[in-house]
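Chemist: The UniProt record's numbering numbers the first residue of the sequence shown as 1 and each following residue consecutively.
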Amino acid sequence: MHPHSGEPRPEDSPQAPAGQNPPPPEQNPPPPAPGPQPPPPYGYPPPQQYPPAQAYPPPGYPQQGNPPAPGYPPQQGYPPAQGYAPPGYQQQPGYPQQPGYPPPPGYQQPGYPPPPGYQQPGFPPPPGYPQVYAGAPQWQPRPKEPWVAPAPAGTPFHRLARTAKHRWWRPIVGTVALGIALFAATVAVGGVWFVVHMLLGGKEPSLDASGAELFGNTNEDLALNLVLLGVLTPLVVLAAWLLQRRPAWSVASVLNKIRWRWLAWCTLPAIGYVILSFGLGILVDQIVPADDSGSDGGSWIGFGKFIVPLILILVLVPFQATAEEFVFRGWLIQAVGSYGPDSAEGRAKWARVLFRSPWPGIVIGSMAFVSAHGYTGWAMLDIFLFAVLAGWLTVRTGGLEAAIALHVLNNFFAFLWPAAFGGLDGWSEQGGAPWTILLSDIPSLAFVLFTVTWLAKRQRIARVS
């Protein structure tokens, strides 16, 4: 462009290819004639059809609307890589709209790199670099270990304390803790009882010469003793859960609960035991008179005096008898049974077989039961046989229900009979008995053994866990 005239200079014109004349100066072309127009010579489009240089599409895109020059094959268009436009590319004016393609899997938006730590799908990491995962596993806290561990399936009653939590010291510590807890409960319950007694206007408690009377009232003394024994049941249940770390009510049965329906069935043989034992006792006394049969046995005291001890005995004796069964047939049998080896094979096989059986626990529990009572002479043997039968029925039926029913019905009769005939004041005197007591009790115990075993088989009572 000349600086003064404003006319274009020759060097401003585009250079024509070699062998061709440069185009004439720019002037207004004549209007095109109607009809089809011939293509521009040698593939050069008119200047006004060129888009700006910066707006040219990237290489590889077809130039639509311009036919190829003569002698050159037509150019083929290629789609964008991976089916989407490269970053920063926008549709140019004069070109048809390109179809849209979704971004490949794993990318948020076209043209943006994946987030840090994300491995591109389908491509392994470069050599020398570790594998990167999008979601590295987080640290998880150790699951909390359950407090109790039940016995394995198929475990008999006397080995229910041998669980995964069993240690040799647990039964020993538990037994000592039971004794301490019973003493503490006696002090606590006795203290509350004394306070209530004084608030109700009773006289100051004091032991008599025999050491059996505390309040000077037979009914009150009996009630306090039955309550103190009754608190043993929750103490045993708590010791099993807290110290042996097993289900609390596994002391009761292989199903970790008291089977109330089975307990109701067991009352029938227990009632039969009381009736048979009483009847055989009268018969034996007629055949073989006892040496100390000089007493008349008392007389009926009347319903007015009998109603108070009747209510106390019917309400409190079940708790007292149940507590004794939980201690002597529940806790002690299972504590001894927990020391039996897991397998009968190995050295000293006879000892392994013996301690895996329930008999060591039954015998030890029965001896403890006898020592907890004040019987002497033949009465000790009689009560020992009673305890052995109760222990065997407990293991045989997989729970304490039969022993509880038998013990409750026996104590009902043992307390109600003297209460009805004015002999309740000697309830704490558990002296001896003639040998003839065995003649009435052994057949009665055999009757209970047969009937309970038969009922358990008929009712399909579970014997193992």
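Note that the Cβ used here is the ideal one computed from N, Cα and C, for glycine as well.
Just the Cα atoms here: how many angstroms apart are A181 and W249?
Modeler: Here residue 181 refers to the residue found at position 181 of the sequence shown. Here residue 249 refers to the residue found at position 249 of the sequence shown. Using only the alpha carbons, I get a separation of about 18 Å.
Chemist: E345 to V176, Cα distance in whole Å?
Modeler: The residue given as residue 345 occupies position 345 in the sequence shown. The residue given as residue 176 occupies position 176 in the sequence shown. Distance between the alpha carbons of E345 and V176 is about 32 Å.
Chemist: Report the three-state DSSP secondary structure of V464 (helix, strand or coil).
Modeler: Along the sequence shown, read from residue 1 onward, the residue named residue 464 stands at position 464. If DSSP states are grouped into helix, strand and coil, V464 belongs with the strands.
Chemist: So, using beta-carbon positions, are V236 and F157 closer together than 8 Å?
Modeler: Residue numbering aside, residue 236 sits at position 236 when the sequence shown is read from its first letter. Residue numbering aside, residue 157 sits at position 157 when the sequence shown is read from its first letter. In this structure, F157 does not lie closer than 8 Å to V236 by Cβ.
Chemist: I need the straight-line Cα distance from G330 to K349, nearest angstrom please.
Modeler: Taking the sequence shown and counting its residues from 1, one reaches residue 330 at position 330. Taking the sequence shown and counting its residues from 1, one reaches residue 349 at position 349. Computed Cα separation, rounded: 27 Å.
Chemist: Work out the CA separation of G179 and A368 for me, nearest whole Å.
Modeler: By 1-based counting over the sequence shown, the position of residue 368 is 368. By 1-based counting over the sequence shown, the position of residue 179 is 179. Between A368 and G179, the C-alpha separation is close to 13 Å.
Chemist: Per DSSP, what kind of secondary structure is P146 in: helix, strand or coil?
Modeler: As a working note, residue 146 is residue 146 in the sequence shown. Three-state DSSP puts P146 in coil, outside helix and strand.
Chemist: Considering only the alpha carbon of each residue, which of A372, L283, F412 lies closest to T436?
Modeler: Reading the sequence shown from its first residue, position 436 is the one you call residue 436. Ranking the options by Cα distance to T436, first place goes to L283.
Chemist: Under the assumption that L409 contacts A270 (Cβ atoms under 8 Å), give the Cβ distance between them as a whole number of angstroms.
Modeler: Here residue 409 is taken as the residue at index 409 of the sequence shown, counted from 1. Here residue 270 is taken as the residue at index 270 of the sequence shown, counted from 1. Between A270 and L409 the Cβ distance is about 4 Å, and since that is below 8 Å, they are a contact.
Chemist: Does G337 come out as helix, strand or coil in the three-state DSSP assignment?
Modeler: Within the sequence shown, the letter at position 337 stands for residue 337. Of the three classes helix, strand and coil, the one that applies to G337 here is helix, per DSSP.
Chemist: Would A153 and S440 be called neighbours here (beta carbons separated by less than 8 Å)?
Modeler: Along the sequence shown, one-based indexing puts residue 153 at 153. Along the sequence shown, one-based indexing puts residue 440 at 440. No, these two residues do not count as a Cβ contact at 8 Å.
Chemist: For G399, write down the residues that DSSP places opposite it in a beta bridge.
Modeler: The residue labelled residue 399 in the question sits at position 399 within the sequence shown. Bridge partners of G399: S253.
Chemist: Let me confirm a value: G83 is counted as buried when at least 16 other C-beta atoms fall within 10 Å, else exposed. Which label applies?
Modeler: Counting from 1 along the sequence shown, the entry for residue 83 is found at position 83. For G83, the predicted model reports a pLDDT of 47, less than 50, meaning its position is unreliable and no value from the coordinates is stated.
Chemist: Taking only three categories from DSSP, how would you classify P156?
Modeler: By one-based count along the sequence shown, residue 156 stands at place 156. Residue state, collapsed to three classes: strand.
Chemist: In three-state DSSP terms, what is N410?
Modeler: Along the sequence shown, read from residue 1 onward, the residue named residue 410 stands at position 410. Correct three-state label for N410: helix.
Chemist: Mapping the DSSP letters down to three states, classify P17 as helix, strand or coil.
Modeler: Position 17 of the sequence shown, counted from the first residue, corresponds to residue 17. Summary for P17: the model assigns pLDDT 47, below 50, so the residue's position carries little reliability; its value from the coordinates is reported in the next sentence. P17: coil per DSSP, three-state reduction.
Chemist: For the pair the region 312-320 and the region 217-231, tell me if three or more CB-CB distances fall below 8 Å.
Modeler: Touching, yes.
Chemist: Tell me the rounded alpha-carbon separation between V363 and V388.
Modeler: Taking the first residue of the sequence shown as position 1, residue 363 is located at position 363. Taking the first residue of the sequence shown as position 1, residue 388 is located at position 388. So the alpha carbons of these two residues sit roughly 7 Å apart.
Chemist: What are the start and end residues of the alpha helix (DSSP H) that includes R170?
Modeler: Here residue 170 refers to the residue found at position 170 when the sequence shown is read from its first residue. Its alpha helix (DSSP H) spans residues 169-199.
Chemist: Whole-angstrom Cβ separation of L280 and P443, contact assumed at under 8 Å?
Modeler: Position 280 of the sequence shown, counted from the first residue, corresponds to residue 280. Position 443 of the sequence shown, counted from the first residue, corresponds to residue 443. That pair is a contact at about 6 Å.
Chemist: So, at 6 Å on beta carbons, what are the nonlocal neighbours of D298 in its own chain, with the 5 sequence-adjacent residues on each side left out?
Modeler: Translated into positions along the sequence shown, residue 298 becomes position 298. Sequence inspection shows Gly at residue 298; the Asp mentioned does not correspond to that position. If we look at G298 and ignore the five residues flanking it on each side, its Cβ neighbours are F421, G422, G423.
Chemist: Roughly how many angstroms separate the alpha carbons of N219 and V308, rounded to a whole number?
Modeler: Taking the sequence shown and counting its residues from 1, one reaches residue 219 at position 219. Taking the sequence shown and counting its residues from 1, one reaches residue 308 at position 308. Looking at the two C-alpha atoms, the distance is approximately 8 Å.
Chemist: Just to confirm, is the Cβ distance from A402 to C266 under 8 Å?
Modeler: Your numbering for residue 402 matches position 402 in the sequence shown. Your numbering for residue 266 matches position 266 in the sequence shown. Cβ atoms of A402 and C266: closer than 8 Å.
Chemist: Should P358 go down as buried or exposed, given a rule of 16 or more other Cβ atoms within 10 Å for buried?
Modeler: Taking the sequence shown and counting its residues from 1, the one referred to as residue 358 is at position 358. With 16 or more Cβ atoms within 10 Å of its Cβ, P358 is classed as buried.
Chemist: Can you list, in chain order, the residues of its chain with a C-beta nearer than 6 Å to that of P341? Leave out the 5 residues immediately preceding and following it.
Modeler: Residue numbering aside, residue 341 sits at position 341 when the sequence shown is read from its first letter. Only R352 meet the Cβ criterion.
Chemist: Assuming V370 and I383 are in contact, meaning their beta carbons sit under 8 Å apart, how far apart are those beta carbons, in whole angstroms?
Modeler: Here residue 370 is taken as the residue at index 370 of the sequence shown, counted from 1. Here residue 383 is taken as the residue at index 383 of the sequence shown, counted from 1. The pair is a contact, with the Cβ atoms about 6 Å apart (cut-off 8 Å).
Chemist: Go through its chain and collect everything with a Cβ distance to L354's Cβ below 8 Å, but skip five positions before and after it.
Modeler: Taking the first residue of the sequence shown as 1, we reach residue 354 at position 354. Hits under 8 Å: P360.
Chemist: How should S343 be labelled, buried or exposed, when 16 other C-beta atoms within 10 angstroms of its C-beta is the threshold for buried?
Modeler: Translated into the one-based positions of the sequence shown, residue 343 becomes position 343. Classification of S343: exposed, given that the 10 Å Cβ count is below 16.
Chemist: Taking the CB atoms as reference points, tell me whether W378 and A419 lie closer together than 8 Å.
Modeler: Counting from 1 along the sequence shown, the entry for residue 378 is found at position 378. Counting from 1 along the sequence shown, the entry for residue 419 is found at position 419. It is not a contact, given that the beta carbons lie outside the stated cut-off.
Chemist: Can you name, in chain order, every residue of its own chain whose Cβ lies under 7 Å from the Cβ of P14, other than the five neighbours on each side?
Modeler: The sequence position of residue 14 within the sequence shown is 14, counting from 1. Residue confidence for P14 is low, a pLDDT of 47 falling below 50, so the modelled location carries little weight; the figure read from the coordinates is stated next. No residues qualify anywhere along the chain.
Chemist: Going along the chain, which residues of its own chain have a beta-carbon closer than 7 Å to the beta-carbon of V327, five neighbours each way excluded?
Modeler: Translated into positions along the sequence shown, residue 327 becomes position 327. Closer than 7 Å at the Cβ level, and outside the excluded window around V327, lie L232, V236.
Chemist: In whole angstroms, give me the CA-to-CA distance for E429 and V148.
Modeler: As a first step, residue 429 must be located in the sequence shown, where it is residue number 429. As a first step, residue 148 must be located in the sequence shown, where it is residue number 148. When rounded, the distance between both Cα atoms is 42 Å.
Chemist: With C-beta atoms as the reference, is A164 less than 8 Å away from S338?
Modeler: Here residue 164 refers to the residue found at position 164 when the sequence shown is read from its first residue. Here residue 338 refers to the residue found at position 338 when the sequence shown is read from its first residue. Result no, Cβ atoms of A164 and S338 do not sit closer than 8 Å.
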